[in-house]
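Written below as structure tokens is the structure these notes are about.
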Amino acid sequence: QQQVKQSPQSLIVQKGGISIINCAYENTAFDYFPWYQQFPGKGPALLIAIRPDVSEKKEGRFTISFNKSAKQFSLHIMDSQPGDSATYFCAAAKGGGADGLTFGKGTHLIIQP
Amino acid sequence: DAGVIQSPRHEVTEMGQEVTLRCKPISGHNSLFWYRQTMMRGLELLIYFNNNVPIDDSGMPEDRFSAKMPNASFSTLKIQPSEPRDSAVYFCASSFGRLQPEAFFGQGTRLTVV
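Residue numbers (the numbering used here), protein chains in the order written: chain A, 1 to 113; chain B, 114 to 227.
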């Protein structure tokens, strides 16, 4: 049972455009939702995270939108740059994030110059 | 801080051999996690520790896998005997736990079992 579903699998966006990645979860006990960025040969690195008491969180060009009733959350990357080309993972956790992360399958993002 | 340190970075071993992966978490972090990444299954949580105590090992695939955390600055993941299907990248991550759950990952160990 895939508890966190992520889409699309791959995404190509022009430089300066908006990249949008979506995730849906099933377990209503999840209460911490981070996004991770991974470059080839590296470990995942935390980008931004949100808790369900907030509907949106913005950090620089990265925004998380969260819809608790729909059990969905999304990552928006504004003014996408070639350096943003990477694989992005959404994740969810219980226990305020203490219980370990359940990851989506990832989105391979390519920003074309 | 140097971040989460994993060793070795790469490991090639023959089927049936014992493999030990090592992790040094960020100093002061009290939670440590082991994940496995494969193309087919993505990133999976294997086991996590809080204050050196294993809390949930339900993600450990088989009895061939075991993990220990003898102290706050060191953890091992052992596979004995190893099989080709264990080939994957294994990541260790650490965090301050519930109050500050941001998990920081190491560079990973790429394991190839031939």
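For every residue, glycine included, the Cβ atom is placed at its ideal position computed from N, Cα and C.
All values derive from a computational prediction rather than experimental measurement.
Classify residue i as helix, strand or coil using the three-state DSSP reduction.
i, result
"G155 of chain B", "strand"
"D169 of chain B", "strand"
"P197 of chain B", "helix"
"P82 of chain A", "helix"
Cα separation between residue i and residue j?
i, j, result
"E56 of chain A", "I48 of chain A", "11 Å"
"E175 of chain B", "I192 of chain B", "9 Å"
"N164 of chain B", "V13 of chain A", "43 Å"
"D170 of chain B", "G17 of chain A", "42 Å"
"S188 of chain B", "Q130 of chain B", "20 Å"
"S195 of chain B", "V125 of chain B", "11 Å"
"K181 of chain B", "N143 of chain B", "14 Å"
"V227 of chain B", "E127 of chain B", "5 Å"
"Y161 of chain B", "A206 of chain B", "9 Å"
"Y203 of chain B", "L224 of chain B", "7 Å"
"F62 of chain A", "M78 of chain A", "7 Å"
"K71 of chain A", "Y25 of chain A", "6 Å"
Have a look at the DSSP bridge pairing and note the partners of residue i.
i, result
"E124 of chain B", "B:L224"
(Q) Tell me which residues of the segment 90 to 105 of chain A have at least one Cβ-Cβ distance to chain B shorter than 9 Å, keeping chain order. (A) The segment 90 to 105 of chain A vs chain B, Cβ under 9 Å: A91, A93, G95, G96, G97, A98, D99, G100, L101, T102, F103, G104, K105.
Q | Positions along the segment 41 to 69 of chain A whose CB lies within less than 9 Å of some CB in chain B | A | G41, K42, G43, P44, A45, L46, A49
Q: May I ask you to list, following chain order, the residues of the segment 190 to 205 of chain B that have a beta carbon less than 7 Å from some beta carbon of chain A?
A: F204
Q | Members of the segment 16 to 38 of chain A near chain B, C-beta cut-off 7 Å | A | So the list reads Y32, given in the order they occur along the chain.
Q | Ranges of the beta strand (DSSP E) found wholly within the segment 10 to 77 of chain A, counting only runs of at least 3 | A | Within the segment 10 to 77 of chain A, the complete beta strand (DSSP E) segments of 3 residues or longer fall at 10 to 14, 19 to 25, 33 to 38, 45 to 50, 56 to 59, 62 to 67, 72 to 77, listed in chain order.
**Q.** Interface residues of the segment 135 to 158 of chain B facing chain A [CB-CB below 7 Å]
**A.** Interface annotation for the segment 135 to 158 of chain B against chain A: S144, F146, G155, L156, L158, criterion Cβ-Cβ distance under 7 Å.
Q) If you measure beta-carbon to beta-carbon, which residues of the segment 211 to 224 of chain B are closer than 9 Å to chain A? A) R211, L212, Q213, P214, E215, A216, F217, F218, G219, Q220, G221, R223
(Q) Output needed in chain order: residues of the segment 161 to 194 of chain B with a Cβ under 9 Å from some Cβ in chain A. (A) So the list reads Y161, N163, I168, D169, G172, given in the order they occur along the chain.
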